[in-house]
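Take a look at the structure below.
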Amino acid sequence: MTGDQTPQPAGDSGTPEAGEGWTALAYLIGGLAVWGFIGWLVDQWLETDGLATGIGFLLGGAGGVYLVIRRLGTPR
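Going by the numbering used here, the first residue of the sequence shown is number 9, and it counts up by one from there.
The structure is reproduced here in C-alpha coordinates:
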(Lines of atoms letter the chains of each structure in order from A and count residues from 1; the text may use other names and numbers.)
(Lines give C-alpha, C1' and ligand atoms only; values in the text may rest on other atoms or scores of the structure.)
Protein backbone atom coordinates (compact mmCIF):
# COMPACT_ATOMS: atom_id res chain seq x y z
CA MET A 1 0.00 0.00 0.00
CA THR A 2 1.12 3.53 -0.63
CA GLY A 3 0.62 4.60 2.98
CA ASP A 4 3.22 2.09 4.22
CA GLN A 5 6.16 3.67 2.37
CA THR A 6 8.57 5.94 4.20
CA PRO A 7 9.19 9.20 2.34
CA GLN A 8 12.66 10.00 1.04
CA PRO A 9 14.21 13.25 2.29
CA ALA A 10 14.27 16.03 -0.28
CA GLY A 11 17.48 16.09 -2.31
CA ASP A 12 18.41 12.52 -1.47
CA SER A 13 19.32 10.75 -4.71
CA GLY A 14 19.41 7.37 -3.00
CA THR A 15 22.98 6.66 -4.18
CA PRO A 16 25.82 7.46 -1.79
CA GLU A 17 28.30 7.35 -4.69
CA ALA A 18 26.92 10.63 -6.04
CA GLY A 19 27.83 12.42 -2.83
CA GLU A 20 31.30 10.94 -2.87
CA GLY A 21 31.81 12.13 -6.44
CA TRP A 22 30.89 15.68 -5.53
CA THR A 23 33.17 15.49 -2.50
CA ALA A 24 36.09 14.35 -4.67
CA LEU A 25 35.42 17.14 -7.18
CA ALA A 26 35.28 19.72 -4.39
CA TYR A 27 38.62 18.52 -2.97
CA LEU A 28 40.30 18.76 -6.37
CA ILE A 29 38.89 22.16 -7.33
CA GLY A 30 39.42 23.52 -3.83
CA GLY A 31 43.05 22.43 -3.74
CA LEU A 32 43.76 23.93 -7.16
CA ALA A 33 42.00 27.19 -6.32
CA VAL A 34 43.51 27.73 -2.88
CA TRP A 35 47.09 26.76 -3.69
CA GLY A 36 46.96 28.41 -7.10
CA PHE A 37 45.88 31.64 -5.42
CA ILE A 38 48.64 31.33 -2.82
CA GLY A 39 51.12 30.78 -5.64
CA TRP A 40 49.76 33.86 -7.44
CA LEU A 41 50.25 35.92 -4.26
CA VAL A 42 53.84 34.69 -3.98
CA ASP A 43 54.33 35.62 -7.66
CA GLN A 44 53.13 39.13 -6.97
CA TRP A 45 55.39 39.40 -3.95
CA LEU A 46 58.57 37.96 -5.53
CA GLU A 47 57.82 38.95 -9.16
CA THR A 48 58.60 35.47 -10.51
CA ASP A 49 56.39 35.71 -13.65
CA GLY A 50 54.07 32.76 -12.98
CA LEU A 51 56.54 30.23 -11.60
CA ALA A 52 55.05 30.19 -8.12
CA THR A 53 51.51 30.03 -9.55
CA GLY A 54 52.42 26.90 -11.51
CA ILE A 55 54.00 25.35 -8.45
CA GLY A 56 50.91 26.28 -6.43
CA PHE A 57 48.63 24.57 -8.96
CA LEU A 58 50.79 21.45 -8.89
CA LEU A 59 50.79 21.35 -5.09
CA GLY A 60 47.03 21.97 -4.99
CA GLY A 61 46.33 19.22 -7.50
CA ALA A 62 48.56 16.76 -5.67
CA GLY A 63 47.00 17.71 -2.34
CA GLY A 64 43.51 17.28 -3.75
CA VAL A 65 44.34 13.84 -5.12
CA TYR A 66 45.88 12.90 -1.77
CA LEU A 67 42.73 13.95 0.09
CA VAL A 68 40.47 12.08 -2.33
CA ILE A 69 42.51 8.90 -1.91
CA ARG A 70 42.69 9.29 1.85
CA ARG A 71 39.00 10.06 2.29
CA LEU A 72 37.39 7.98 -0.45
CA GLY A 73 40.04 5.44 -1.41
CA THR A 74 39.18 2.73 1.10
CA PRO A 75 35.86 0.93 0.61
CA ARG A 76 33.48 0.97 3.55
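A virtual CB, placed ideally from N, CA and C, is assigned to each residue, including glycine. All of these numbers come straight from a predicted model, not from anything done at the bench.
Determine, using beta carbons only, whether residue i and residue j come nearer to each other than 8 Å.
| i | j | result |
| --- | --- | --- |
| residue 58 | residue 39 | no |
| residue 76 | residue 36 | yes |
| residue 46 | residue 64 | yes |
Closer than 6 Å by C-beta to residue i: which residues in its own chain qualify, once you throw out the five before and the five after it? Chain order, please.
| i | result |
| --- | --- |
| residue 67 | 43 |
| residue 60 | 47, 50, 51 |
| residue 82 | none |
Can you give me the Cβ contacts of residue i inside the same chain, cut-off strictly under 8 Å, excluding the 5 residues immediately before and after it?
| i | result |
| --- | --- |
| residue 41 | 68 |
| residue 72 | 35, 36, 37, 38, 39, 40 |
| residue 62 | 47 |
Can you give the beta carbon distance from residue i to residue j, rounded, assuming they're within the 8 Å contact cut?
| i | j | result |
| --- | --- | --- |
| residue 79 | residue 31 | 7 Å |
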